[in-house]
């Protein structure tokens, strides 16, 4: 990471920035629908309650420059943001564990619009094997090593019970998976070069319940 | 919030703590399955790679005390954590927007084990009205005010398209919803006393894609 020819896309962008950029994207999409052709960071700022200077700073990671007084061109900003965030090219993924949440994610075709396509799922329950959910085939976990070659996938979505979360993670990594999207409430361990993104719906519920309870008694 | 009789549950617990507590819970559940009767913060620390002092500090928010040398009693710790996190009593919720993600969440019965039960959903698409997903009835959005009385619900799950995210939020709040679980990538605005929990799967995807890309080129 020491050469100056480094493509902007390969910068390790701060996580808070990466989390805010999709807000700007959705906001700019709305402005486009309203017929706007240009948008400034001040304008976005007013809509979403984030400092204009913060927005300008976040957008400085993205390869786009605004024009004085008129701001960013809306269509370009949308295209550049979608590209930068990885939403405009499809990343193929496997899903492990077709339980309630796993099945739900398989049936959510919306992820495809944000660059993720689940192409196959794995489980061990006999009644699931050979079936499909939303057109996605379900294979036996033992077939994973074979299928990973066939599909050329490097992302794994983890929706297994907590007691096997670590074992399945190890199996994924051994098979060549480079990024794990972990939906379990279990804190998995991976080698340093493997990406883990935790999305614990349960942790979010815990925060929401606590705040709700707090508001009710204060 | 100035009296000392204040119940521990009503403290405004820091968000990072609330996000870590479910890790401890799932870890302790695993230890129980393995036949353990007592667990120390040092033991949890080894398993999940969080400082033992941090774990002890986080657990100090919860109404439980460990015994010197043996630690926390496993069954009690599980029960107290589940209770503290709000997982052991059911919070009834409405869902707004039965699209791809909304429908997926309706079919995820697993949320019930963590204290959230979606009891009805709202949409405007004629072909959905009067139908059910996973036993959950779908009503017309116009019926929300009537249904909120009938069901006594104060949590709303938001899975509508971004262009109506703010309008539906305003409608929810006007109808008496006190907490919004926002799955849209849109940054909604609410009055001060309303809880918002953002769960943007798309922002998580953006972070994962960026890290994966970074690892591949570094």
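Residue numbers (my numbering), protein chains in the order written: chain D, 1 to 218; chain E, 219 to 436. In this text, a Cβ means the ideal position worked out from N, Cα and C, and glycines have one as well.
How is the alpha helix (DSSP H) around residue 245/E delimited, first residue to last?
For the purposes of this step, residue 245/E is taken as the residue at position 27 of the second chain. From DSSP, the alpha helix (DSSP H) with residue 245/E extends over 233–251.
In chain E, which residues lie with their C-beta within 9 Å of the C-beta of residue 151/D?
In the first chain, the residue the question calls residue 151/D occupies position 151. Correct list: empty, because the minimum Cβ distance to chain E is about 16 Å.
Own chain partners of residue 420/E with C-beta closer than 7 Å, once the 5 adjacent residues on each side are dropped
Residue 420/E sits at position 202 when you count from the first residue of the second chain. Counting only Cβ-Cβ distances below 7 Å, and skipping sequence neighbours, we find 403.
Does any residue of chain D bring its CB to less than 7 Å from the CB of residue 359/E?
Residue 359/E sits at position 141 when you count from the first residue of the second chain. Chain D, which has no Cβ nearer than 7 Å to the Cβ of residue 359/E, makes this no.
Whole-angstrom distance between residue 324/E and residue 351/E, CA atom to CA atom
Along the second chain, one-based indexing puts residue 351/E at 133. Along the second chain, one-based indexing puts residue 324/E at 106. So the two alpha carbons sit approximately 6 Å from each other.
Contact the stretch 289–307 of chain E vs the stretch 257–273 of chain E: 3+ CB pairs below 8 Å
yes
For residue 73/D, the three-state DSSP class (helix, strand or coil):
On the first chain, residue 73/D is found 73 positions in, with the first residue counted as 1. Looking at residue 73/D - three-state DSSP - the assignment turns out to be strand.
Skipping 5 residues on each side, what residues in its chain have a beta carbon closer than 7 Å to that of residue 2/D?
Within the first chain, numbered from 1, the residue matching residue 2/D stands at position 2. Its pLDDT being 37, under 50, residue 2/D is placed unreliably in this model, and the coordinates cannot settle the point.
Extract the residue ranges of the alpha helix (DSSP H) inside the stretch 304–381 of chain E, only unbroken runs of 4 or more that lie entirely within it.
318–324 and 362–369
Three or more C-beta pairs under 8 Å: does that hold for the stretch 187–200 of chain D against the stretch 121–136 of chain D?
no
Can you tell me the Cα-Cα spacing of residue 216/D and residue 233/E, whole angstroms?
The sequence position of residue 216/D within the first chain is 216, counting from 1. The sequence position of residue 233/E within the second chain is 15, counting from 1. Rounded to whole angstroms, residue 216/D to residue 233/E spans 18 Å at the Cα level.
Hey, quick one: how far does the beta strand (DSSP E) through residue 416/E stretch, first residue to last?
By 1-based counting over the second chain, the position of residue 416/E is 198. It spans 413–416 - the beta strand (DSSP E) in which residue 416/E sits, taken as one unbroken run.
Say whether chain E places a C-beta atom closer than 7 Å to the C-beta of residue 211/D.
In the first chain, counting from the first residue as 1, residue 211/D sits at position 211. Judged by the 7 Å Cβ criterion, residue 211/D is in contact with chain E.
So what does residue 397/E bridge to, in DSSP terms?
Numbered from 1 along the second chain, position 179 holds the residue referred to as residue 397/E. Note: residue 397/E sits in a beta bridge opposite 373/E and 413/E.
Just mark residue 240/E as buried or exposed, buried being the case when its beta carbon has 16 or more other beta carbons within 10 Å.
As a first step, residue 240/E is located in the second chain; it is residue number 22 there, counting from the start. Buried.
Residues in the same chain with beta-carbon distance under 7 Å from residue 80/D, minus the five sequence neighbours each way, listed in chain order, please.
Here the question's residue 80/D lines up with position 80 in the first chain. These residues qualify, in order along the chain: 62, 63 and 64.
When we look at the beta-carbon of residue 90/D and count the other beta-carbons within 10 Å, is it buried (16 or more) or exposed?
Your numbering for residue 90/D matches position 90 in the first chain. Burial call: exposed.
Residue 278/E: buried (16+ other C-beta within 10 angstroms of its C-beta) or exposed?
Locating residue 278/E in the second chain gives position 60, counting from the first residue. With fewer than 16 other Cβ atoms within 10 Å, it is exposed.
Excluding the five sequence neighbours on either side, which residues of its own chain have a C-beta within less than 7 Å of the C-beta of residue 360/E, listed in chain order?
In the second chain, the residue the question calls residue 360/E occupies position 142. Nothing listed; no residue qualifies.
On the premise that residue 159/D lies in contact with residue 303/D, defined as a C-beta separation below 8 Å, what is that separation, rounded to the nearest angstrom?
What the structure shows of chain D is the stretch from 1 to 218, and residue 303/D is not part of that stretch, so it cannot be assessed.
Flag residue 230/E as yes if its beta-carbon sits less than 7 Å from any beta-carbon of chain D, otherwise no.
Sequence index remark: in the second chain, residue 230/E carries index 12 (1-based). True, the Cβ-Cβ gap to chain D drops below 7 Å.
Partners in chain E for residue 164/D, counting only beta-carbon separations shorter than 9 Å
Start at 1 with the first residue of the first chain, and residue 164/D comes out as number 164. What residue 164/D touches in chain E: nothing, since even the nearest Cβ is about 10 Å away.
So, helix, strand or coil for residue 404/E, using DSSP?
Residue mapping note: residue 404/E aligns to position 186 of the second chain, counting from 1. Residue 404/E falls in the coil class under three-state DSSP.
Return the residue from the list 101/D, 39/D, 135/D and 144/D that minimises the CA-CA distance to residue 182/D.
Residue numbering aside, residue 182/D sits at position 182 when the first chain is read from its first letter. The residue with the shortest Cα to Cα distance from residue 182/D is 101/D.
Kindly indicate which three-state DSSP category residue 39/D falls into: helix, strand or coil?
Taking the first residue of the first chain as position 1, residue 39/D is located at position 39. Correct three-state label for residue 39/D: strand.
When the distance is taken between beta carbons, is residue 391/E closer than 7 Å to residue 212/D?
Residue 212/D sits at position 212 when you count from the first residue of the first chain. Residue 391/E sits at position 173 when you count from the first residue of the second chain. Going by C-beta atoms, residue 212/D is not nearer than 7 Å to residue 391/E.
Helix or strand or just coil, what does DSSP make of residue 230/E?
Sequence index remark: in the second chain, residue 230/E carries index 12 (1-based). If DSSP states are grouped into helix, strand and coil, residue 230/E belongs with coil.
Proximity to residue 269/E [Cα-Cα], best of 254/E, 247/E and 238/E:
Along the second chain, read from residue 1 onward, the residue named residue 269/E stands at position 51. Of 254/E, 247/E and 238/E, the residue nearest in Cα terms is 238/E.
When the Cα of residue 426/E is compared with those of 214/D, 167/D and 155/D, which residue comes out closest?
Taking the first residue of the second chain as 1, we reach residue 426/E at position 208. Considering only alpha carbons, the answer is 155/D.
Would residue 295/E and residue 246/E be called neighbours here (beta carbons separated by less than 7 Å)?
As a first step, residue 295/E is located in the second chain; it is residue number 77 there, counting from the start. As a first step, residue 246/E is located in the second chain; it is residue number 28 there, counting from the start. For residue 295/E and residue 246/E, yes; Cβs fall inside 7 Å.
Among the residues of its own chain, which have a CB less than 6 Å from the CB of residue 131/D, if the five just before and after it don't count?
On the first chain, position 131 is the one that residue 131/D refers to. Hits under 6 Å: 138.
Considering residue 211/D, what are the terminal residues of the alpha helix (DSSP H) in which it resides?
Taking the first residue of the first chain as position 1, residue 211/D is located at position 211. Start and end: 201–217.
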